[in-house]
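See below for the structure under consideration.
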Ligand code: PEP
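Numbering (our numbering), first residue to last: 191 to 441.
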């Protein structure tokens, strides 16, 4: 049984002061709730204070990105050991905003996956197609290519440690979610690729999230689908009450 995972990606939002109030409220709203694994990914500047505030709670810490080198002259970058030291359990890698605005290649994303795993941090690997790719019928090819770059480096003994997030780019921040059937269809396809590469047992253990305009109004329907194991949430993770309603989608 795969435990549902709801992860909040705050992106470039929330000062330290704002983070403190959001985290305090969230800790309260989800107190004692164990049916969902809860992860929040604040900006780097808020990681430490967030870590302090969630210490005795059921919320885990994630980062939004990291670099694949160990250390050194990489101005502005953050390493896996820094994230490990601060207490991050997860790190988002290959978000479409990073691929698009910062020109991250699938090869770089794969290197980040390896680096995160070697420091015991679980990568949440984002994949997904653009609108024109969906419309031209190449969505699966695009996703397959992104996944195959990961397969080149991901060994079977590590595969169960990763989480995938299928995020169609046209659904991110647009208010226009994929239908639950379309999301499930792609996620099943990804699971099938995992099964071919590794084996059925491994594929059945790996969590695959959906991301793209997830909100309290559509989470229930998405979560009734066979293969959707949770959500990577942007906008709706910035309000504690809204995010807690996503966490408690079963209620
Ligand atoms: C995201 O950034 O990963 C995301 C899914 O954003 P939103 O929920 O705002 O569409």
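Glycine included, C-beta positions come from ideal geometry on N, C-alpha and C.
In the DSSP assignment, what are the bridge partners of residue i?
i: residue 338; result: According to DSSP, which records beta bridges pairwise, residue 338 is partnered with nothing at all.
i: residue 312; result: 280
i: residue 354; result: 315 and 398
i: residue 195; result: 227 and 420
According to DSSP, is residue i part of a helix, a strand, or is it coil?
i: residue 300; result: helix
i: residue 439; result: coil
i: residue 452; result: As displayed, the chain neither begins before 191 nor continues past 441, which places residue 452 out of reach and without an answer.
i: residue 425; result: helix
i: residue 200; result: coil
i: residue 404; result: coil
i: residue 216; result: helix
i: residue 246; result: coil
i: residue 362; result: coil
i: residue 260; result: coil
i: residue 322; result: helix
i: residue 433; result: helix
Report all residues from its chain with a CB closer than 8 Å to the CB of residue i; omit the five preceding and five following residues, and keep chain order.
i: residue 309; result: 270, 271, 273 and 274
i: residue 279; result: 229, 250, 251, 252, 311 and 312
i: residue 328; result: 319
i: residue 185; result: The question about residue 185 has no answer here: the residues shown for the chain are numbered 191 through 441.
i: residue 261; result: 269 and 271
Distance check for residue j and residue i, CA to CA, integer angstroms please.
i: residue 425; j: residue 366; result: 12 Å
i: residue 211; j: residue 255; result: 23 Å
i: residue 348; j: residue 306; result: 11 Å
i: residue 322; j: residue 375; result: 18 Å
i: residue 290; j: residue 221; result: 37 Å
i: residue 170; j: residue 396; result: Because residue 170 is not part of the residues shown, which for the chain are 191 to 441, the question remains open.
i: residue 213; j: residue 434; result: 11 Å
i: residue 331; j: residue 361; result: 18 Å
i: residue 192; j: residue 232; result: 25 Å
i: residue 338; j: residue 428; result: 33 Å
For residue i, which residues from the same chain have a beta carbon less than 6 Å from its beta carbon, with the 5 sequence-adjacent residues on both sides left out?
i: residue 377; result: 356, 398, 417 and 418
i: residue 410; result: 439
i: residue 336; result: 296 and 317
Might you give, ordered along the chain, the residues of its own chain that have their beta carbon closer than 7 Å to the beta carbon of residue i, omitting 5 neighbours on each side?
i: residue 341; result: 387
i: residue 303; result: 283, 313, 315, 340, 343, 344 and 352
i: residue 447; result: Nothing about residue 447 can be read from this structure; the chain reaches only from 191 to 441.
i: residue 236; result: 204, 206 and 209
i: residue 380; result: 333, 337, 354, 356 and 398
Can we say the stretch 291-299 touches the stretch 365-379, given the rule of at least three CB pairs closer than 8 Å? By the Cβ test, the stretch 291-299 is not in contact with the stretch 365-379, since fewer than three Cβ pairs between them sit closer than 8 Å.
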